[in-house]
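Protein chains: 2
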Amino acid sequence: MDNFNFYSPTEFVFGRGRENETGKYVVKFGGSKVLLHFGGSSAQKSGLLGRVEESFKAAGVSYVKLGGVMPNPRDTLVYEGIKLCKEENVDFIVAVGGGSVIDSAKAIAAGVCYEGDFWDFYCGKARIQAALPVATVLTIAAAGSEGSGDSVITKVEGGLKRGAGSDFLRPRFSIMNPELTCTLPAYQTACGATDIMAHVFERYFTNTTEVEITDRLCEAVLMTMVKETPRVIADPDNYEARANIMWAGTVAHNGIVGVGRSQDWNSHGLEHELSALYDCAHGAGLAVIMPSWMEYVYKHNPMRFAQMATRVFGCPMNFENPEETARKGINEFRKFLVSIGMPINFEQLGAKEEDIPKLVDTFGIGDGKTGGFMSLGKDDVTAIYKIAVNASVKLNP
Amino acid sequence: MDNFNFYSPTEFVFGRGRENETGKYVVKFGGSKVLLHFGGSSAQKSGLLGRVEESFKAAGVSYVKLGGVMPNPRDTLVYEGIKLCKEENVDFIVAVGGGSVIDSAKAIAAGVCYEGDFWDFYCGKARIQAALPVATVLTIAAAGSEGSGDSVITKVEGGLKRGAGSDFLRPRFSIMNPELTCTLPAYQTACGATDIMAHVFERYFTNTTEVEITDRLCEAVLMTMVKETPRVIADPDNYEARANIMWAGTVAHNGIVGVGRSQDWNSHGLEHELSALYDCAHGAGLAVIMPSWMEYVYKHNPMRFAQMATRVFGCPMNFENPEETARKGINEFRKFLVSIGMPINFEQLGAKEEDIPKLVDTFGIGDGKTGGFMSLGKDDVTAIYKIAVNASVKLNP
């Protein structure tokens, strides 16, 4: 196990009706003037935004509103938010929505406290040293942004999708009411579930040995997702399954399942190029990329994949041929993705083989290498995209 | 799943040599004058205390020292600590030690900020509204106090052992270097491991249904302990196994494995009477009481025990007789405890059957009932102590 720091100071406020307490928690964490940040009209129509606003009024908190966050949130709205916060002397940001809204709120929070261009944090030119306090009212279990210090923003000019991270961006509190996710269409629900599982896999495939506790915690989240996701796809109003998924989504990404070990976020990186180019859902892109990445890298450490196959998917261990067990696990993962309605190849996603050179180019490693499990160069990245083109569930993996 | 709040704001600073950063973190969290609280001479002799003091000097932090914390920490030293902190204008407490030292530090921290008698918090007369910031340098994986808001203190007069809890008592940071635990004798190591497992079991046996995510997280910690504990008993210097156990101990008790569900802390309560009367190690008392409690209550929900038996101990599921599977799981737990050198009955612990009425009396429920899984009255408590008298590993449970 490697040395590590683990710091997750967010207060998670979980359960039915908890959004009515938003104002109370803003006051608890020192806010008085809030930017209420949200996406499209659904939060308004559902009455959620109204309930949050009522809770502000009840708690004596004043606020300004900024809606319009799109999936794959854009730098343009972030600039608008920063300007608004400065003009209105906002001291607290509440994001009502999913990962996109929260990531946009985090970018605004960091940008308000920075003299330069907030994009500096995302292109690696500067490190976040301060940010307005952020809180969330979560409406989809997916990105884990409600419990993380991470944010991903897309620069409209050039279509670059890049991330930034800092403990300063960790939400002060996150309101998590699983009821709010019951109206989500099956496709979005499945995309969220895929993202959650990817957050675990990116931490699970490691070169660090002797990390039994985090391995087991990873497997706990994965097994929960394998059990609960089909239940909500079949029965969208199943509160209990929604609740298990929502909390699993936070545990998957607040850091606890990944401490003390090398991680490998190449699947997320490879996916970012897909969603930046095709504007597809992040989870759908991951469903295509993640198992393709697995198929390419599993020989680097077949036993780790065999462990996943047996512990998470219940595959029998083939002691004479662990590589077969590894392949079976990857195949089970693809089967699971298909069963919840996810695409698993380029055609199903709406991606094109001829774009691969472009995807590889914007992935941006040049002649370098990247990866905490298996180090990948340009040719490897190309090969993974190529696997993804025609990927399918196999009868004999 | 029940509504819940989860808040664990402690920064965990984990790994080799991290105690040399203690002073740096005191400054980060706003401390300038520290009470350095510790136990016996071992921290001094091992050089640990010296390294922590050096880190204070390097960071420009001044400090006063108060040693002498005993296992089952006493109110008398807490009063001394409160007095010292007030005289010396201490603004931060650093506990170097295990659960006893940390619990004592927490009691002092709460007492300093309270006009009345700190025992009010422990006997239920008052609620903690403020406390000095506390931090820890952990030397034994056991109590989980490094990541919890809980504290247990023994009142010398009358031998009462009672707990108090508050988010104000959650450590600001905890330094966790597994190397520091390598010198622990096997018996203490095993006591710690038992305590860690008990913290999970007390959360695992619940009447709340549909808590797959927390069930799986509980099982993750338990499986880790089952794997790693025998390794450190056989090879005390095994850093990796020590590291897995140490982190498992924190995860077991910072709250994350128990959110959203009823819990049942009767085993801890029943044990507290044993260690208060016989001054035995808390973990040893738990090894005697916990499986005896299980044996008494499992019929309340045999499937929950069968789940534990199959998932944690790998018992085959007997679909025609789940109660048998449940009993096998409890028996496997006792086998495990014996294998790591723990007592499992009164004689091995040094307890006496004739003291049972006294134990029941100081348990203090009178004619009432207590318990979040199975509600227990005086007769039930008596019956559990009686099971513990002659408990043994069985051939056919």
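If you're matching them up, the sequences are chains X and A in order.
All the letters of the first sequence, read from the start, carry residue numbers 1 to 397 under my numbering.
All the letters of the second sequence, read from the start, carry residue numbers 398 to 794 under my numbering.
Note that beta-carbon positions come from the ideal geometry of N, C-alpha and C, so glycine has one too.
Cβ distance (whole Å) where residue i is taken to contact residue j below 8 Å
i, j, result
"Ala-539 (chain A)", "Asp-592 (chain A)", "5 Å"
"Leu-36 (chain X)", "Val-26 (chain X)", "Not really, about 10 Å apart at Cβ, beyond 8 Å."
"Leu-566 (chain A)", "Thr-536 (chain A)", "About 19 Å; that fails the 8 Å criterion."
"Ile-610 (chain A)", "Trp-247 (chain X)", "5 Å"
"Ile-499 (chain A)", "Thr-626 (chain A)", "Between Thr-626 (chain A) and Ile-499 (chain A) the Cβ distance is about 22 Å, and since that is not below 8 Å, they are no contact."
"Val-381 (chain X)", "Leu-270 (chain X)", "7 Å"
"Val-431 (chain A)", "Tyr-476 (chain A)", "Not really, about 19 Å apart at Cβ, beyond 8 Å."
"Gly-521 (chain A)", "His-650 (chain A)", "About 21 Å; that fails the 8 Å criterion."
"Val-288 (chain X)", "Ile-344 (chain X)", "6 Å"
"Phe-409 (chain A)", "Met-573 (chain A)", "6 Å"
"Ala-110 (chain X)", "Phe-92 (chain X)", "Their Cβ separation, rounded to whole angstroms, is 14 Å, which puts Ala-110 (chain X) and Phe-92 (chain X) out of contact at 8 Å."
Closer than 9 Å at the beta carbon, the chain A residues around residue i
i, result
"Pro-9 (chain X)", "Tyr-404, Ser-405, Pro-406, Thr-407 and Glu-408"
Distance between residue j and residue i (C-alpha atoms, nearest Å)
i, j, result
"Gly-39 (chain X)", "Gly-192 (chain X)", "17 Å"
"Ser-405 (chain A)", "Phe-336 (chain X)", "33 Å"
"Cys-218 (chain X)", "Arg-203 (chain X)", "8 Å"
"Ser-174 (chain X)", "Ser-145 (chain X)", "10 Å"
"Tyr-114 (chain X)", "Thr-76 (chain X)", "17 Å"
"Ile-653 (chain A)", "Asp-399 (chain A)", "14 Å"
"Cys-280 (chain X)", "Glu-87 (chain X)", "34 Å"
"Ile-784 (chain A)", "Gln-745 (chain A)", "14 Å"
"Leu-773 (chain A)", "Gly-682 (chain A)", "19 Å"
"Ala-309 (chain X)", "Ser-443 (chain A)", "45 Å"
"Lys-624 (chain A)", "Arg-216 (chain X)", "11 Å"
"Lys-65 (chain X)", "Ser-42 (chain X)", "15 Å"
"Gly-263 (chain X)", "Asn-207 (chain X)", "The sequence given here places Gln at residue 263 (chain X); Gly does not occur at that position. If I take the Cα positions, the gap works out to 8 Å."
"Ser-558 (chain A)", "Val-531 (chain A)", "Checking the sequence shown, residue 558 (chain A) turns out to be Lys, not Ser. Spanning the two alpha carbons is a distance of roughly 22 Å."
"Met-294 (chain X)", "Phe-602 (chain A)", "37 Å"
"Gly-428 (chain A)", "Asp-547 (chain A)", "22 Å"
"Tyr-695 (chain A)", "Met-739 (chain A)", "22 Å"
"Cys-85 (chain X)", "Ser-100 (chain X)", "19 Å"
"His-669 (chain A)", "His-679 (chain A)", "7 Å"
"Tyr-675 (chain A)", "Leu-756 (chain A)", "11 Å"
"Val-491 (chain A)", "Asn-321 (chain X)", "52 Å"
"Ala-631 (chain A)", "Met-771 (chain A)", "37 Å"
"Arg-16 (chain X)", "Pro-178 (chain X)", "7 Å"
"Ile-781 (chain A)", "Pro-468 (chain A)", "25 Å"
"Trp-662 (chain A)", "Val-338 (chain X)", "43 Å"
"Ala-164 (chain X)", "Trp-119 (chain X)", "9 Å"
"Gly-769 (chain A)", "Tyr-584 (chain A)", "31 Å"
"Phe-333 (chain X)", "Gln-129 (chain X)", "40 Å"
"Arg-127 (chain X)", "Asp-117 (chain X)", "12 Å"
Interface residues of chain X facing residue i [CB-CB closer than 8 Å]
i, result
"Gly-412 (chain A)", "Met-1, Asp-2, Asn-3, Phe-4 and Gly-260"
"Ala-640 (chain A)", "Met-1, Glu-210 and Gly-260"
Interface partners of residue i on chain A, CB under 8 Å
i, result
"Ile-256 (chain X)", "Val-648 and Ile-653"
"Glu-240 (chain X)", "Met-398, Thr-606 and Glu-607"
"Ala-248 (chain X)", "Ile-610"
"Arg-18 (chain X)", "Asn-400"
Environment of residue i [buried if 16+ CB atoms lie within 10 Å]
i, result
"Gly-420 (chain A)", "buried"
"Gln-704 (chain A)", "buried"
"Ser-501 (chain A)", "buried"
"Gly-329 (chain X)", "buried"
"Gly-655 (chain A)", "buried"
"Pro-171 (chain X)", "buried"
"Asp-688 (chain A)", "With the sequence shown as reference, residue 688 (chain A) is identified as Pro, and Asp is not the correct amino acid for it. Classification of Pro-688 (chain A): buried, given that the 10 Å Cβ count is 16 or more."
"Met-303 (chain X)", "exposed"
"Val-466 (chain A)", "buried"
"Leu-395 (chain X)", "exposed"
"Val-795 (chain A)", "This structure cannot settle anything about residue 795 (chain A), because the visible part of chain A is limited to 398 through 794."
Within chain A, partners of residue i - CB distance below 7 Å
i, result
"Arg-216 (chain X)", "Ala-617, Met-620 and Thr-621"
Practice item. Report the residues of the stretch 577–607 of chain A with a CB closer than 9 Å to any CB of chain X, ordered along the chain. Key: Thr-606 and Glu-607
Check your understanding: When Cβ atoms are compared, which residues of the stretch 219–233 of chain X fall closer than 8 Å to chain A?
Key -> Glu-219, Ala-220, Val-221, Met-223, Thr-224, Lys-227 and Glu-228
**Study point:** Near-chain A residues of the stretch 130–141 of chain X - C-beta to any C-beta below 9 Å
**Key:** none
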